[in-house]
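Okay, structure first, notes after.
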Amino acid sequence: MERESMDFDVVIVGAGPAGLSAACKLAQLSKQRDQPVSICVVEKGPEIGAHILSGAVFETRALDELFPDWSEQGAPVQTQVSSDQLLYLTSKHNHVGVPKFLSPNSLHNDSSNYVISLGKLCQWLADKAEQMGVEIFPGFPASDVCYDESGQVCGVVTADMGLDKDRQRKSGFQAGVQLNAKFTVFAEGARGHLGKSLISQFNLAADSQPQHYALGIKEVWKVNDDHPLYAQGKVVHTTGWPLTESQANGGGFLYHLEDNLIAVGLITDLNYHNPYLSPFEEFQRFKHHPSIAPYLKGAERIAYGARALAKGGLLSLPKQQFPGGLLIGCDAGTLNSAKIKGCHTAMKSGLLAGEAIFTALYQEESEPDYHSLFIDSWLYQELNQHRNFPGAIHQFGPIWGGALATFEQNLWQRLSGGSSPWNLSDPQADYVNLHERSRCQPIHYDKPDGVLSFDKTSSVYLSSTHHEENQPCHLILTDSALPLSSHMTLFDEPSQRYCPAGVYEVIEVDGKRKFQINAANCLHCKTCDIKDPSQNITWRPPEGGGPNYNAM
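The opening position of the sequence shown corresponds to residue 1 in the working numbering, with each subsequent residue numbered one higher.
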């Protein structure tokens, strides 16, 4: 196919915190040293921030380095943490507060942290990048990686637009554009489809354990001015029920933002065993707990979304550099799950990428030396310090795993002055942990009450998700018969439950079962690509659309 092409020094895939930080850093270095660098950022969302979802409690450490005067420049980082609680939900009705000395230091949040909308911060970063000459193209998903004759990455191709369901050209067809680059940075977020292919192409994960993931489901609620429990800057984290009742790991959060907004969410580790578990339904149960429900009483639910997050930490981190490019941020897995924070680490990986690529451009190197900068950075130090947290929780659960993390962080590291000499790894991929239905008990979930709990249809509506119906399905089955021929028998087809958007259904047509994919509902969370027990589902970016978050 004949394609238009555009040439840049650097192409960055993804306008999240990692990609935009890399763009800003490169632009700053270009200006400081009077050495021009042409930079292009492509983003699959229809506008910057549209596909961004995070909690988020935010550390400003990387932002301080990038824009020391960010406050004077009007960054949307305003609500300081005013109070911080960790609750252990012991049952459906009860909970206990966890004292600071019994919880890991990494979970302590003080007024140096902020409660933010990451989408708004990304919009601000994009404005800063454009002011420095970076070209940003929202609504252009990168479809494939380009390689030169030597096997080096040399850019990307954006998705073709205007194909119908049978991949035939419609009247408004437009071929994707080939974006050529000396270096390409991949910052797609957790389980990026290009990052996944690059890890395989260059065997980047040869020396690391499998990446581990969780599904984060989040809502934003608007409370009245006189709500008695609303306290701007209040942070509440929970562990325990309801996930422990289903023998799963994870935890909840409740963040009080500015403008009478409360963010509430549940993070479910995707290494769970029971195929009947539904992270969406677990979240609906969570909101009914007496420690959570009063905050939402009389409030209006205004937004819903979901996103997978990479939480394996340092022991799951692949090699991030390869000929022609870098894999950064959550595309690689830099989130620090011990802190439940990934924004500052993603941004720092972007800053390091900018430095490494700027040096490589002007020393005419084929592979940017990101690794040396990473090893010498506070990012590596932080991830190394907390590298055992994911394994502790996976192996021993929230109580004993949390106790081990508390011992390691609060006592061992303080007394020894360094990180622990042991590693707690988890070498089993999340999808392998799913048990067959014969080994598990079905889980009963109550019907939604329409006050605190809701169905998937009304929730997806609040995500403002939209896809052109007549386009190729972006959820690709390697074996289209497998869901009914195997998964239905073995697992009661778990995609019906692990998907938080009702994309996958088993329906009956003319007396026969049919596996139906409602691709227009997709929130781009990537859970299906991660949790499918046969790795039979591959997520690729659609022509456009997806969620349109405005407060996440």
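Ideal placement from N, C-alpha and C gives every residue a C-beta, glycine not left out.
query: Rounded C-alpha distance that separates residue 142 from residue 48; result: 15 Å
query: Span separating the alpha-carbon of residue 334 from that of residue 128; result: 24 Å
query: Whole alpha helix (DSSP H) elements within the stretch 148 to 206, 4-residue minimum; result: 193 to 201
query: Assigned secondary structure, residue 480 (DSSP; H/G/I helix, E/B strand, else coil); result: coil
query: Limits of the beta strand (DSSP E) - the one that residue 371 falls within; result: From DSSP, residue 371 is part of no beta strand (DSSP E) but of the alpha helix (DSSP H) over 370 to 375.
query: heavy atom of the ligand NAP below 8 Å from residue 512 C-beta; result: The ligand NAP is not part of this structure, which contains no ligands at all.
query: Closest residue to residue 21 among 67, 552, 226 (Cα-Cα distance); result: 67
query: For residue 338 and residue 96, the rounded distance between their alpha carbons; result: 20 Å
query: Neighbourhood of residue 252 by C-beta, 6 Å cutoff - its chain only, sequence neighbours within 5 removed; result: 238, 266, 286
query: Terminal residues of the beta strand (DSSP E) in which residue 85 lies; result: 83 to 89
query: Cβ neighbour criterion (16 or more within 10 Å) applied to residue 45; result: buried
query: Separation of residue 390 from residue 144, as counted between CA atoms; result: 32 Å
query: Where the alpha helix (DSSP H) containing residue 394 begins and where it ends; result: 389 to 406
query: Status (buried if at least 16 other CB within 10 Å, exposed otherwise) for residue 354; result: buried
query: Beta carbon of residue 82 nearer than 9 Å to that of residue 233; result: yes
query: Local conformation of residue 292 per DSSP, three classes; result: coil
query: Bridge-paired residues (DSSP) for residue 221; result: 262, 301
query: Cβ-Cβ separation, residue 270 to residue 527 (assumed contact under 8 Å), whole Å; result: 7 Å
query: Nearest candidate by alpha-carbon position, reference residue 208, set 332, 120, 160, 108; result: 332
query: Contacting residues, own chain, Cβ-Cβ under 8 Å from residue 171 (five flanking each side not counted); result: 162
query: Residue span of the beta strand (DSSP E) that contains residue 5, given as start and end; result: 5 to 13
query: Which listed residue (498, 281, 229, 51) has its alpha carbon closest to that of residue 256; result: 229
query: DSSP state of residue 241 mapped onto helix, strand, coil; result: coil
query: Backbone CA spacing between residue 220 and residue 175 [nearest angstrom]; result: 38 Å
query: Through-space distance from residue 458 to residue 356, alpha-carbon basis; result: 45 Å
query: Buried versus exposed call for residue 465 [16 or more other C-beta atoms within 10 Å across all chains shown]; result: buried
query: Own chain, CB closer than 6 Å to residue 29, minus 5 neighbours either side, in chain order; result: 358
query: Residue 427 classed as buried or exposed, judged by whether at least 16 other C-beta atoms fall within 10 angstroms; result: exposed
query: Cβ contact check for the stretch 405 to 425 and the stretch 100 to 108: 3 or more pairs under 8 Å; result: yes
query: Reduced DSSP secondary structure (H/G/I, E/B, other) of residue 530; result: helix
query: Same chain, Cβ closer than 6 Å to residue 140, five either side skipped, listed in chain order; result: 42, 158
query: Buried versus exposed call for residue 52 [16 or more other C-beta atoms within 10 Å across all chains shown]; result: buried
query: Extent of the continuous beta strand (DSSP E) to which residue 140 belongs; result: No beta strand (DSSP E) holds residue 140; DSSP gives it neither H nor E.
query: Residue nearest to residue 110 in terms of C-alpha spacing, selected from 473, 469, 235, 547; result: 235
query: Buried versus exposed call for residue 284 [16 or more other C-beta atoms within 10 Å across all chains shown]; result: buried
query: Cβ neighbour criterion (16 or more within 10 Å) applied to residue 7; result: exposed
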